[in-house]
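Residue numbers (the working numbering): 17 to 299. Each remark here refers to the structure printed beneath this line.
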C-alpha cells in the first residue's frame with residue numbers, strides 16, 4: 017500500500033470544489049478545503065485489464081530488513097491493475113513497460129509461493145503491453161484513492177502519517193475487500209501488507225450519489241452487510257459512503273509546506289479515512 021503519487025496531468029483548465037457537487041472529468045485542478053490542488057498530486061491512476069493470462073514481475077521485501085527479490089507471477093485474464101506506461105528496464109524504449117502497484121492486488125494472488133519471511137511490497141511491472149487494455153477507473157474504488165482506508169474519524173485522520181490505526185481495509189484493483197490488522201514491523205509502509213483477516217470478492221458495484229453499493233460474494237466479518245438476492249444466488253451488500261468531509265494535514269516536516277489530504281468514508285457503518293493527495297511536490 018505505498019502512497020506514491022502516480023498521476024497523469026490533464027490538459028484542460030477548470031476547477032472543482034470538494035463536497036459541492038460540481039465536478040469536471042477534464043479539470044486540471046481541484047479545490048480541497050480552499051486549497052487549489054493540481055490533479056497530478058491526487059491519488060489517481062490509469063487502470064489496465066489483462067486480456068489473457070499474463071506473466072508479470074513483482075518485487076518482494078523481507079519483513080524487517082532491506083533485502084528483497086523479484087519473481088514472476090501470472091495474472092488471470094480480467095485482472096485489473098493500476099499503473100503507468102513507462103520506459104523498459106531492459107531496452108530503454110518508452111511506453112514499452114507497464115509499471116503498476118502490486119500491493120493493490122489481493123493478497124492471495126501476489127503472495128502465492130512467496131519465500132518465507134517475504135511479502136509483496138507494492139511494485140510490479142510487465143513488458144507484455146499487448147496483453148493489457150486500458151479501462152476506466154473501477155467503480156468500487158473511492159474517489160481520488162488507491163483503495164486504502166484506515167480506521168478512524170476526524171481526530172484520528174488528522175494524525176495521518178503520525179499515528180497508524182489498528183486496522184485498515186484495502187479495496188483492491190482486481191475487486192476484493194481485504195481487512196488487515198496493523199502488523200508489528202518497524203516500517204509504516206509494511207504495517208498493512210500482512211495476511212488479511214478477511215478477504216471477500218466484489219461481484220458487482222452500483223452507485224447512487226455519494227454512495228457505492230458493493231455486492232460481495234459473502235458477508236464481511238466485522239462490517240454491516242445486508243444479504244440480498246434470490247435463494248441460491250445470495251450476495252451481501254456493503255455500503256460505502258463518501259462523507260464529503262476532507263481533512264487537511266499540515267506537513268510534519270518543518271522544512272516543507274506541503275499538506276496532505278484525506279477523505280472520510282462510512283464503510284459498513286464504520287468511519288474510515290483514505291489518503292486522496294498532497295498540495296504539491298515535496299521536492
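Idealized CB from N, CA, C, for every residue including glycine.
| Check | Outcome |
| --- | --- |
| Could you give the distance in angstroms between the alpha-carbon of residue 59 and the alpha-carbon of residue 292? | 5 Å |
| Could you say if the region 135-153 and the region 166-174 meet the contact criterion of at least three C-beta pairs nearer than 8 Å? | no |
| At a cut of 8 Å, does the region 108-126 reach the region 187-196 through at least three beta carbon pairs? | yes |
| Are the Cβ atoms of residue 185 and residue 195 separated by less than 9 Å? | yes |
| Rounded to whole angstroms, what's the CA-CA distance from residue 123 to residue 216? Just pull it up for me. | 11 Å |
| Say whether the region 45-52 touches the region 262-269, bearing in mind that this needs 3 or more beta-carbon pairs closer than 8 Å, one atom from each stretch. | yes |
| Evaluate contact between the region 129-139 and the region 217-237, counting only Cβ atoms and requiring at least three cross-stretch pairs below 8 Å. | no |
| Can you tell me where the beta strand (DSSP E) with residue 214 in it begins and where it stops? | 214-224 |
| Straight-line CA distance for residue 68 to residue 56? | 31 Å |
| Roughly how many angstroms separate the alpha carbons of residue 138 and residue 210, rounded to a whole number? | 12 Å |
| Could you give the DSSP three-state label for residue 173: helix, strand or coil? | helix |
| Among 267, 248 and 285, which residue has its Cα nearest to the Cα of residue 228? | 285 |
| What separation, rounded to the nearest whole angstrom, lies between the Cα atoms of residue 197 and residue 206? | 11 Å |
| Could you pull out every residue in the same chain whose Cβ sits closer than 6 Å to the Cβ of residue 71, ignoring the five residues on either side in sequence? | 88 and 90 |
| What residues are listed by DSSP as bridge partners for residue 91? | 70 |
| Among 94, 159 and 250, which residue has its Cα nearest to the Cα of residue 278? | 159 |
| Between residue 212 and residue 177, what straight-line distance do the alpha-carbon atoms span, to the nearest angstrom? | 21 Å |
| With a 10 Å radius around its C-beta and 16 neighbouring C-beta atoms as the bar for buried, classify residue 105 as buried or exposed. | exposed |
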